[in-house]
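In what follows, a structure is listed as structure tokens, so that the remarks can point back to it.
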Amino acid sequence: MLKSNKAFSSFSVDDLDRAQEFYGNKLGLNVKKSKEGLELHLGDADVFLYPKPNHTPASFTVLNFLVDNIDTAVDELRKTGIGFEKYEGSIKTDEKGIHRNGGPAIAWFKDPAGNILSVLQTDR
Numbered sequence: 015m016l017k018s019n020k021a022f023s024s025f026s027v028d029d030l031d032r033a034q035e036f037y038g039n040k041l042g043l044n045v046k047k048s049k050e051g052l053e054l055h056l057g058d059a060d061v062f063l064y065p066k067p068n069h070t071p072a073s074f075t076v077l078n079f080l081v082d083n084i085d086t087a088v089d090e091l092r093k094t095g096i097g098f099e100k101y102e103g104s105i106k107t108d109e110k111g112i113h114r115n116g117g118p119a120i121a122w123f124k125d126p127a128g129n130i131l132s133v134l135q136t137d138r
């Protein structure tokens, strides 16, 4: 029934202006503000960010960006002031904040609302 319908993902933020600055200027995404929230247009996918006064950041990755070269992506994002998460244990990250363990290389970072995002390099 739903397979022919278009779908989109959404998640909350605590401040639309800060989110618009981050997603539009720091990440360089196509962002459209509406009275309900922010529309992120990512190629053929859309994501909707909505304001929530009692927002609690997601404890999991809410948005993954596929990149051709993770080292280049991390370096470029660092230049915009984005910091990468450091993890130990089974998802241990290296000095750049990249997890490399035989699968896709992935680096996690947070938006201003504390939601977890990632850049991810797969062997395509």
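Counting the sequence shown from 1 gives a position; my numbering is that position plus 14. The C-beta atom is built at its ideal place from N, Cα and C for all residues, glycine as well. The model shown is predicted, which means the values in this text are computed figures rather than measured ones.
Any non-hydrogen atom of the ligand MG closer than 7 Å to residue i Cβ
i	result
F74	As for the ligand MG, it is missing from this structure, which has no ligand bound.
Option nearest residue i by Cα separation, candidates the options
i	options	result
I130	V27, K20, S18 and A21	V27
G111	G117, G97, N44 and G38	G97
P65	G51, D58, A59 and F74	G51
G116	S24, L134 and S48	L134
L41	D137, L91 and S18	L91
F25	V45, R32, E35 and T70	T70
Nearest-angstrom Cβ-Cβ length linking residue i and residue j, presumed shorter than 8 Å
i	j	result
T107	K100	5 Å
A121	V88	5 Å
A127	D60	Their Cβ separation, rounded to whole angstroms, is 19 Å, which puts A127 and D60 out of contact at 8 Å.
Classification of residue i by the beta-carbon crowding that lies within 10 angstroms, buried from 16 upward
i	result
L16	exposed
D125	buried
Residues that residue i bridges to, as DSSP identifies them
i	result
L16	None, per the DSSP bridge assignment.
S73	Bridge partners of S73: none, in fact.
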